[in-house]
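The block underneath contains the structure these notes are about, expressed in structure tokens.
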Ligand SMILES: [Zn+2]
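Residue numbers (this note's numbering): 36 to 308.
Right, here's the structure in full:
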């Protein structure tokens, strides 16, 4: 009786082991088939969107929406006002030592994203012998309205439009643009700044720090602003270098940036508005 019981237990154990071995073997080919499936090794990779300005090395497109005033690639001009008229950056930083002390805090500030490259440029300019400061940096909508209305009152709307932006159309409101000056104020907001050694240094070197001279002498028909060798705009080093290589203004680069934006929308990286 006892022997028979042991025999049955051993038989059951053998049957269970057999079932386990069989199920393991039968699932093995399935596993290997999965790993050799060609579809699993060709997961589509995300395509990098490039911006190729004529005559410039292509640069990788940024993945934020350039229509947002917070983008360092945003284009603001007479035809493209800020998409948010009351935009005010939330990362303004006071450049206390390198700005006009007779100006308000807003105008002595830039966005923090600009500050490291600004500091590098100011330090290298100093080494080259030029003591540069911000004459006017960030301007909120209300301050731009105040300036613009004053200019119109003094010289009429047509003249004022050549050197002053209407509120909501000024790059100064982005916190990415500023008017640079020698601390001595020599040639302050005057085209003669471009002929000073400091102005020439800026024109030749600003792009190395991510800045562009936004309103060049030979592009007034495109920018619709007079030559302003003092007005610098931050665009980041890759785009500033590409703009310098291509000789295009930001306005002329706009269609190329929009093309990249469309591709990013198609890829689902940004959403159209
Ligand atoms: Zn300016």
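In this text, a Cβ means the ideal position worked out from N, Cα and C, and glycines have one as well.
- Within the same chain, and ignoring the five residues on either side of residue 106 in sequence, the residues whose Cβ sits closer than 6 Å to its Cβ are 99.
- Residues close to ligand 1 by the beta carbon criterion (under 5 Å to any non-hydrogen atom) are, from first to last along the chain, 214 and 266.
- If you check the CB distance, residue 163 and residue 236 come in under 9 Å.
- Going by C-alpha positions, residue 253 is about 8 Å away from residue 262.
- Nearest in C-alpha terms to residue 258, of all of 231, 239, 248 and 286, is 286.
- With respect to residue 206, residue 200 sits close: the two C-beta atoms are nearer than 9 Å.
- Judged by DSSP secondary structure, residue 270 falls outside any beta strand (DSSP E); it is assigned neither H nor E.
- In the DSSP assignment, residue 245 falls outside any beta strand (DSSP E) and carries neither an H nor an E.
- In the DSSP assignment, residue 214 falls within the beta strand (DSSP E) that extends over 212-217.
- Separation of residue 228 and residue 249 (C-alpha to C-alpha, rounded to the nearest whole angstrom) is 14 Å.
- Residues 285 and 289 of the same chain have their beta carbon placed closer than 6 Å to that of residue 110, with the five preceding and five following residues left out of the count.
- With a minimum length of 4 residues, the unbroken runs of alpha helix (DSSP H) contained wholly in the segment 176-244 fall at 176-198 and 232-240.
- Between the C-alpha atoms of residue 178 and residue 281 there is a straight-line separation of about 34 Å.
- Put simply, the segment 139-153 touches the segment 118-128. At least three CB pairs are less than 8 Å apart.
- For the 9 Å CB-CB criterion, residue 301 and residue 266 do not form a contact.
- Remark: fewer than three beta-carbon pairs, one from each stretch, lie closer than 8 Å, so the segment 153-171 and the segment 184-191 are not flagged as touching.
- In summary, residue 185 is exposed, with fewer than 16 beta-carbon neighbours lying within 10 Å of its beta-carbon over all protein chains present.
- Under the DSSP definition of a beta bridge, residue 129 partners with 144.
- When the alpha-carbon of residue 138 is set against those of 112, 84, 115 and 169, the nearest one is in 169.
- For a cut-off of 8 Å, the C-beta gap from residue 204 to residue 113 is around 6 Å, short enough to register as a contact.
- Following the DSSP letters along the chain, one finds residue 171 inside the beta strand (DSSP E) bounded by residues 167-171.
- Beta-bridge analysis with DSSP links residue 85 to 95.
- In the DSSP annotation of this structure, the continuous segment of the alpha helix (DSSP H) that includes residue 290 starts and ends at 285-301.
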